[in-house]
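**Student:** Heads up: the sequence lines are chains R and C, in that order.
Counting in our numbering, the final residue of the first sequence is number 112, and the numbers go up one at a time with none missing.
Counting in our numbering, the final residue of the second sequence is number 226, and the numbers go up one at a time with none missing.
Glycine included, each C-beta is placed from N, C-alpha and C at the ideal position.
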Amino acid sequence: EAGVTQFPSHSVIEKGQTVTLRCDPISGHDNLYWYRRVMGKEIKFLLHFVKESKQDESGMPNNRFLAERTGGTYSTLKVQPAELEDSGVYFCASSHSYNEQFFGPGTRLTVL
Amino acid sequence: AQSVTQLGSHVSVSEGALVLLRCNYSSSVPPYLFWYVQYPNQGLQLLLKYTTGATLVKGINGFEAEFKKSETSFHLTKPSAHMSDAAEYFCAVMVNTGFQKLVFGTGTRLLVSP
């Protein structure tokens with residue numbers, strides 16, 4: 001069974017540009033989560049999808065971040081326009097049951 | 113609000129020595145507790161979890177953790193460190209109120225010397 005995959009693994013962009021991160025969850029997992037780790041700090045929750053619906057987006061930092069989950073399958077997280085403080089590692093996780101989340105390898109985003 | 117405190121951003125041990133990584137949590141309701149490990153250039157991997165039942169939980173690679181409600185702790189231990197244990201370890205809490213987000217600590221990097 002394939003795990004959670006994320007694309008790209010690394011992205012380097014200029015301030016003001018747009019970046020889109022993609023997450024493919026484990027097949028059959030209705031729950032999909034986005035987290036972010038800014039360097040040296042804790043991993044922080046961004047949002048949670050159940051199928052294609054946003055269940056909890058309380059962690060989204062501001063309206064420059066837009067998350068979608070088309071047809072309840074893969075998800076994208078768009079940052080537009082990117083700022084320096086958006087740099088970090090973005091993790092995606094998926095789950096079938098409520099007490100275990102499977103994480104992807106993360107996308108390292110660097111905003112210059 | 114839930115929170116997790118991991119004491120020590122770095123812990124160094126010798127190969128064969130006891131590993132002890134500390135985690136304290138704050139939660140107003142019974143929590144679910146997790147330890148994740150991140151090896152270099154890899155994603156987070158679940159080591160072990162406590163949900164209900166036995167308070168001593170065993171995980172992969174010889175790790176175990178004990179849930180102590182009175183101390184609000186969930187420390188991770190391994191009797192004998194191996195070089196391959198060098199990684200970053202994250203403690204996390206989940207509140208089972210229908211919202212399933214994980215709240216993480218800041219992580220502890222374990223260094224193992226020969």
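(1) In the DSSP output, what is Val4(R) paired with across the bridge?
(2) Sorted by chain position, which residues of the same chain lie with C-beta nearer than 6 Å to Leu165(R)'s C-beta, five sequence neighbours on each side aside?
(3) May I ask which residues mark the beginning and end of the beta strand (DSSP E) holding Glu85(R)?
(4) Hey, could you find the ends of the beta strand (DSSP E) Ile43(R) is sitting in?
(5) Take Asp197(C) as the anchor and find which of Met206(C), Thr117(C), Val116(C) and Leu132(C) has the nearest alpha-carbon.
(6) Quick one: Cα of Val12(R) to Cα of Asp24(R), how far?
(7) Does any C-beta atom of chain C lie closer than 8 Å to the C-beta of Gly104(R)?
(8) At a cut-off of 7 Å, would you count Trp147(C) as near the ligand FAD, judging by its Cβ distance to the nearest heavy atom?
(9) Excluding the 5 residues flanking Tyr90(R) on each side, which residues of the same chain have their C-beta closer than 7 Å to its C-beta?
(10) Figure out for me which residue from Ser9(R), Phe7(R) and Met39(R) has the closest Cα to the Cα of Leu84(R).
(11) From the DSSP output, read off the bridge partner residues of Pro248(C).
(12) Check the Cβ-Cβ distances between Gln101(R) and every residue of chain C, and say whether any is below 8 Å.
(13) Express the C-alpha separation of Leu145(C) and Tyr162(C) in angstroms, rounding to a whole number.
(14) According to a CB-to-CB cut-off of less than 9 Å, which residues of the segment 30-45 of chain R neighbour chain A?
(15) With Glu176(C) and Leu160(C) assumed to form a contact (beta carbons below 8 Å), what rounded beta-carbon distance in angstroms separates them?
(16) Under 8 Å, Cβ to Cβ, is there at least one residue of chain R near Thr220(C)?
(17) Using the beta-carbon of each residue, which ones in chain C are nearer than 9 Å to His10(R)?
(18) Does the beta carbon of Asp56(R) sit closer than 8 Å to a beta carbon anywhere in chain C?
(19) Buried or exposed for Leu32(R), going by 16 or more other Cβ atoms inside 10 Å?
(20) Going by DSSP, what residues sit across from Leu156(C) in a beta bridge?
(21) 8 Å is my cut-off, CB to CB: does Ser96(R) come that close to chain C?
**Tutor:** In brief:
(1) According to DSSP, Val4(R) bridges with nothing at all.
(2) Residue numbering for chain R in the displayed model covers 1 to 112; residue 165(R) lies beyond these limits and cannot be assessed.
(3) Looking at the DSSP string, Glu85(R) is not in any beta strand (DSSP E), and its letter there is neither H nor E.
(4) Ile43 to Val50
(5) Leu132(C)
(6) 21 Å
(7) yes
(8) Although the ligand FAD was asked about, the structure shown includes no ligands whatsoever.
(9) Leu21, Trp34, Arg36, Leu77, Gly106, Thr107 and Leu109
(10) Met39(R)
(11) The question about residue 248(C) has no answer, for chain C in this structure spans 113 to 226.
(12) yes
(13) 5 Å
(14) Absent from the structure is chain A; the protein chains it does hold are R and C.
(15) 7 Å
(16) no
(17) Neighbours of His10(R) on chain C: none; closest Cβ ~11 Å, over 9 Å.
(18) yes
(19) buried
(20) Gln150(C)
(21) Rather than Ser, the amino acid found at residue 96(R) in this sequence is His. Judged by the 8 Å Cβ criterion, His96(R) is not in contact with chain C.
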